[in-house]
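Numbering (the numbering used here), first residue to last: -6 to 617. First up is the structure itself, then whatever we jot down about it.
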């Protein structure tokens, strides 16, 4: 794992922990590092987008705009970036300009984004370009509404209507996503009409919004803004009635931004409705929340600053070690040069002593030959030890798989070097099958040792019948902290499937999303909670998820040695190529899936050496 990727991952972990300063520090390192490959350029775009988003969240729109423009310029020069991603970047730029009241510039950025979105829709074989376009257009409307620029919002609502019609007619349309976006459109339209003074039409549109399936099911449920703007305060109090409970369930403790965005409107709604006692009670709770939020903010800031100082101290120590090593190298070079000069002087001094010179040369040649033999022996011993280490490592992953009725399972691992950092495994306990795939940061011997620790912990904890999230939590506690001086970590996907019911419980610790077969598209990436990788930070509580049944659906797990495999032109195999191959190919069994996909990756490499370990695991549970 290179410097850019490592700093991006660290920044992402700190962002997951809501430590913005640390996230900013590492993402800055990622975007300012030298880009040496197409893979690193992709990670640069991710880190730059996350950094700009962080600036936006912190209302530092000038910094966000500078970073977004820097990213946009590089995107336009790169052949890696799909048009829809340039469109998303232009929308982010437009939002920053809108927040800075540069309305003409914002309008130009939003208009330019539509050009790239249409290019993306014309060339993309997935639903992503359509859905990026709809989401970004809705965001554009939302920010115009927040700026009370209702004519601009109405203009983009007309544009949204045409895009929704195109999406509805497309075979790539997902009905639930369409319903959610249309409901949001009705909500925004009602606020726009109200802002334009068309109150009767606004109320009609708001009722259409409230009657939508997305609103009724709670997926798209945000009526408060319209009701407050329409001075329908009594109804607004009902909309905000359970907002405090929702805050407690979702974020635990309200921040200053949440208090301003949700609790202040609740107070104003009760006050506007004449509910004096309720308004007073909400106001008193707001005071309590504000007091606690300020204390929490100070504590979080202090803890984050302490972490920053600790990190800076470690960076200083590393720099000092590098200086010391440089001095040692210079010293060794000086000694080597002195030896050469001395040998030359001895040679000249004894030039006229032919007999003596031959004798000395003979002795020196003998010594040199002995040293060469010793060096060769050492090299052969190291290679032998690496072969033994490879054999040991390969013995830690399974090569035989359960031959059970209703279970089709196969896996493979191909290290890029003698030893690697990928892992996979399984534990079968009655009708319950534990399985995992992981990718350790770094390569070669250190990664293989960390891999061995992770494999041992998985087997030990799974044998105790623990749930996947609890296993990941305990593995993280064991692999992180003071003993992990090298800062290594492992991305890890751990699943538990019941072979009778097909019920799947899983926990994803920062790993690539698996592909699950079936559905409208014959396969999609599995949508999951975002957990941090294992080993980076002690004390994390990992979140698990479950699927009622994966019976008769293929589950395919892999490491980034698959989707990031490069040919001689540094072109990656890519997620889209992998997903298309899995969707459009008919396979006999799990082994056939893996062997044919491995052959496809080999054809893509076209003789180029592997740039990373490649691991795949395929599972299918079937019932008669």
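Even glycine gets a Cβ: it sits at the ideal position worked out from N, Cα and C. All of these numbers come straight from a predicted model, not from anything done at the bench.
query	result
Proximity below 8 Å, CB of residue 49 to CB of residue 64	no
Cα-Cα separation between residue 195 and residue 181, rounded to whole angstroms	10 Å
Same chain only: Cβ atoms within 6 Å of residue 545, ignoring 5 sequence neighbours per side	615
Range covered by the alpha helix (DSSP H) that runs through residue 404	Residue 404 -> not in any alpha helix (DSSP H); beta strand (DSSP E) instead, spanning 400 to 407.
Residue 305 - DSSP class collapsed to helix/strand/coil	Only weak support exists for where residue 305 lies, its pLDDT of 45 falling under 50; the coordinates are left without a value.
Beta-carbon proximity check, residue 163 vs residue 123, cutoff 8 Å	yes
Buried or exposed by the 16-neighbour rule on C-beta atoms within 10 Å, applied to residue 482	buried
Close Cβ partners of residue 443 (< 6 Å) along its chain, the five nearest in sequence each way excluded	433 and 481
Contact the segment 524 to 535 vs the segment 580 to 589: 3+ CB pairs below 8 Å	no
Enclosing beta strand (DSSP E) for residue 613 [first to last residue]	607 to 614
Sufficient close CB pairs (3 or more, under 8 Å) joining the segment 417 to 433 to the segment 535 to 553	yes
Reduced DSSP secondary structure (H/G/I, E/B, other) of residue 174	helix
Residue-chain proximity (residue 580, chain B), Cβ-Cβ < 8 Å	No chain B is present in this structure, which holds just one protein chain.
Presumed contact (8 Å Cβ cut-off) between residue 215 and residue 185, rounded CB distance	Not quite, the Cβ-Cβ distance comes to about 15 Å (not below 8 Å), so this is no contact.
Bounding residues of the alpha helix (DSSP H) (the contiguous stretch that carries residue 151)	143 to 162
DSSP three-state assignment for residue 48, whether helix, strand or coil	helix
Whole-angstrom C-beta distance between residue 148 and residue 188, which should lie under 8 Å	Their Cβ separation, rounded to whole angstroms, is 13 Å, which puts residue 188 and residue 148 out of contact at 8 Å.
Pair within 8 Å by beta-carbon distance, residue 199 and residue 167	no
Cβ pair count under 8 Å reaching 3, the segment 441 to 456 against the segment 412 to 427	yes
Member of 268, 461 and 201 whose CA lies at the smallest distance from the CA of residue 229	268
Reduced DSSP secondary structure (H/G/I, E/B, other) of residue 217	helix
Alpha-carbon to alpha-carbon, residue 136 and residue 222	16 Å
Beta carbon of residue 621 nearer than 8 Å to that of residue 462	Residue 621 lies beyond the residue range present for the chain, which begins at -6 and ends at 617; the question has no answer from this structure.
With 16 other Cβ atoms within 10 Å as the buried cut-off, status of residue 55	exposed
Top-ranked residue by Cα proximity to residue 406, from 456, 37, 218 and 392	392
For residue 78, the first and last residue of its enclosing alpha helix (DSSP H)	76 to 92
Residue from 264, 115 and -3 whose Cα sits closest to the Cα of residue 75	115
Nearest-angstrom beta carbon gap, residue 519 and residue 506 [assumed within contact, 8 Å]	5 Å
Assigned secondary structure, residue 529 (DSSP; H/G/I helix, E/B strand, else coil)	coil
Cβ shell of residue 39 (< 8 Å), same chain only, five flanking positions each side left out	1
Assigned secondary structure, residue 166 (DSSP; H/G/I helix, E/B strand, else coil)	coil
Assigned exposure category for residue 158 - 16 Cβ within 10 Å defines buried	exposed
Neighbourhood of residue 265 by C-beta, 6 Å cutoff - its chain only, sequence neighbours within 5 removed	226
Residue 44 vs residue 22 beta-carbon contact at 8 Å	no
Reference residue 478, options 529, 575, 448 and 514, closest by Cα	529
Pick from 220, 96 and 599 that is closest to residue 562, judged by C-alpha positions	599
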